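First up is the structure itself, then whatever we jot down about it.
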Amino acid sequence: MARTHDQTSHSHAGSSTVQRQPVLCQDSATDPLSDVLRMVKLTGAVFHLVEATFPWGVDVPRARDYSSIILPRAQHVISYHIILKGSGWVGIPGGASTWFEAGDILVLAHGDAYSLLSSPGQTPEYDRAATIGFFREWMAGKLSFVTREGGGGAGGTEYMCGFLGCDLRPFNPVLSTLPQLLRIRQSGLDRQDLLGRLIDLTLADARLPQLGGEAIRLRLSELIFVEVIRLYLDSLPAHETGWLSGLRDPAIGRILTLLHDRPAHPWTLALLAEEAGMSRSAMVARFTHLIGHSPMQYLTLWRMQIAARLLADSSMKVARVGREIGYKSEAAFSRRFKKAVGLSPADWRKKTIAGV
Numbered sequence: 001m002a003r004t005h006d007q008t009s010h011s012h013a014g015s016s017t018v019q020r021q022p023v024l025c026q027d028s029a030t031d032p033l034s035d036v037l038r039m040v041k042l043t044g045a046v047f048h049l050v051e052a053t054f055p056w057g058v059d060v061p062r063a064r065d066y067s068s069i070i071l072p073r074a075q076h077v078i079s080y081h082i083i084l085k086g087s088g089w090v091g092i093p094g095g096a097s098t099w100f101e102a103g104d105i106l107v108l109a110h111g112d113a114y115s116l117l118s119s120p121g122q123t124p125e126y127d128r129a130a131t132i133g134f135f136r137e138w139m140a141g142k143l144s145f146v147t148r149e150g151g152g153g154a155g156g157t158e159y160m161c162g163f164l165g166c167d168l169r170p171f172n173p174v175l176s177t178l179p180q181l182l183r184i185r186q187s188g189l190d191r192q193d194l195l196g197r198l199i200d201l202t203l204a205d206a207r208l209p210q211l212g213g214e215a216i217r218l219r220l221s222e223l224i225f226v227e228v229i230r231l232y233l234d235s236l237p238a239h240e241t242g243w244l245s246g247l248r249d250p251a252i253g254r255i256l257t258l259l260h261d262r263p264a265h266p267w268t269l270a271l272l273a274e275e276a277g278m279s280r281s282a283m284v285a286r287f288t289h290l291i292g293h294s295p296m297q298y299l300t301l302w303r304m305q306i307a308a309r310l311l312a313d314s315s316m317k318v319a320r321v322g323r324e325i326g327y328k329s330e331a332a333f334s335r336r337f338k339k340a341v342g343l344s345p346a347d348w349r350k351k352t353i354a355g356v
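Residue numbers for the sequence shown follow full-length UniProt numbering, so the first one is 1 and each next one is one higher.
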């Protein structure tokens, strides 16, 4: 599932200077990107600012090794880093190290272990065990928002670390389309754009502690991540495939909007092809090429994600959940849900409520 995004260099993770372009699927009230981010229950976690002096370095373990500390109820944890000052190197085991500088945003979407270093190949100041220990103290409230590390030399680097929880199952099309390591480049990080303003608000709030500050910073963390995803969407080349690329395609974006707007509708390939203004065979081929699933497969997966969220967040009976997504028969819905998720709707609800 994980890929690399490399347009302007031969580095492990790619880079791109972004310019806002219109997304071509916004012809109804439904915004598929917002719809997905809402359904996969994006959750902000506390985050912190690092001020590092040369030499500095941290080795971060796999997300599953620390997710129970930072976001114990999240299915999956994404980490991201916004470089405010200086430069350094980011690496994933088995891949080449990638240089980064002020204005870059680094996203580790798939929970891989990674390192952030002032020089490639150096021994990190914090190994993985020390990093987990840091997370424990941090979440226990024993550490301040600003962390100072490194050897005290010249050439400091400043970066903000954020962590987000989200659902991974049954279906998260945003994660499936992101590379293993995403590097978005913004030359100088324009303080007047939306992302720059969000970062400034976050830093200002963190440095002036007030009641309710934690809740505000968590929401800002989510907003920062959403804007990063939008910047990535804007940076994708025309030939790129994946769910986000599908949003930009006039015909496929139209179909995605319809499926998200009316997931319970009895859609057929003929109806979708007519809406897209394409032949049925051409529509299916293009949709499958861009999205990685046929239209009907995608509809089923998305219906199961909606059902999973309804089962977790409401007391709605199973039969009604099925009707909400287009299944007249509770038995038919339960069979389809178990096939997609591996659990019956009732068992999924129990497991989710228990936080397992």
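All C-beta atoms in this analysis are idealised placements derived from N, C-alpha and C, irrespective of residue type, glycine included.
No experiment lies behind these values; they were computed from the predicted model shown.
- When rounded, the separation of the alpha-carbon atoms in ALA308 and PRO345 is 8 Å.
- By the criterion of a C-beta distance shorter than 7 Å, VAL284 is surrounded in its chain by LEU269, SER294 and PRO295, once the five residues flanking it on both sides are discounted.
- Here LEU181 is buried: its Cβ has 16 or more other Cβ atoms, across all protein chains shown, within 10 Å.
- For the stretch 125-163, the full-length alpha helix (DSSP H) segments reaching 4 residues or more read 128-139 along the chain.
- Counting only the Cα atoms, ILE216 lies some 17 Å from GLY141.
- Here the C-alpha atom of HIS289 lies approximately 29 Å from the C-alpha atom of SER79.
- For ILE83, the CB contacts under 6 Å within the same chain, skipping 5 residues up- and downstream, are PHE100, ALA102, ASP104 and TYR159 in chain order.
- Residue range 98-101 is occupied by the beta strand (DSSP E) that includes THR98, with no alpha helix (DSSP H) assigned at that position.
- Between the alpha carbons of GLY242 and ALA45 lies a gap of roughly 27 Å.
- TYR114 has VAL60 as its beta-bridge partners, per DSSP.
- Taking C-beta atoms under 8 Å as the contact rule, TRP138 and SER119 fail to qualify, at a distance of about 25 Å.
- DSSP places LYS351 in no beta strand (DSSP E) but in the uninterrupted alpha helix (DSSP H) bounded by 345-354.
- It is roughly 11 Å from the alpha-carbon of PRO209 to the alpha-carbon of LEU203.
- By the neighbour-count criterion, in which 16 or more other beta carbons inside 10 Å mark a residue as buried, ASP59 falls on the buried side.
- Exclusion of the five residues before and after VAL36 leaves PRO173 and VAL174 as the residues of its chain whose Cβ lies within less than 7 Å of its Cβ.
- Residue environment: ILE325 is assigned as buried (16 or more neighbouring CB atoms within 10 Å of its CB, all protein chains considered).
- Residue range 213-235 is occupied by the alpha helix (DSSP H) that includes TYR232.
- For GLU51, the uninterrupted beta strand (DSSP E) run begins and ends at 48-54, by DSSP.
- The alpha carbon of LEU310 has as its nearest neighbour, out of ARG323, ASP127 and ALA332, the alpha carbon of ARG323.
- Taking the Cα positions, ALA340 is about 16 Å away from THR352.
- Check the Cα spacing between SER334 and each of MET304, ASP313, PRO72 and SER314: the tightest is with MET304.
- ARG185 is classed as buried because its beta carbon has at least 16 other beta carbons within 10 Å across all chains shown.
- Rounded to the nearest angstrom, the gap between the Cα atoms of ALA282 and GLU125 is 55 Å.
- With respect to the 7 Å criterion, VAL77 and ALA63 are classified as neighbours on the basis of their beta carbons.
- DSSP places THR300 in the helix class (H, G or I) of the three-state scheme.
- Per DSSP, the continuous alpha helix (DSSP H) segment holding GLY253 begins and ends at 250-261.
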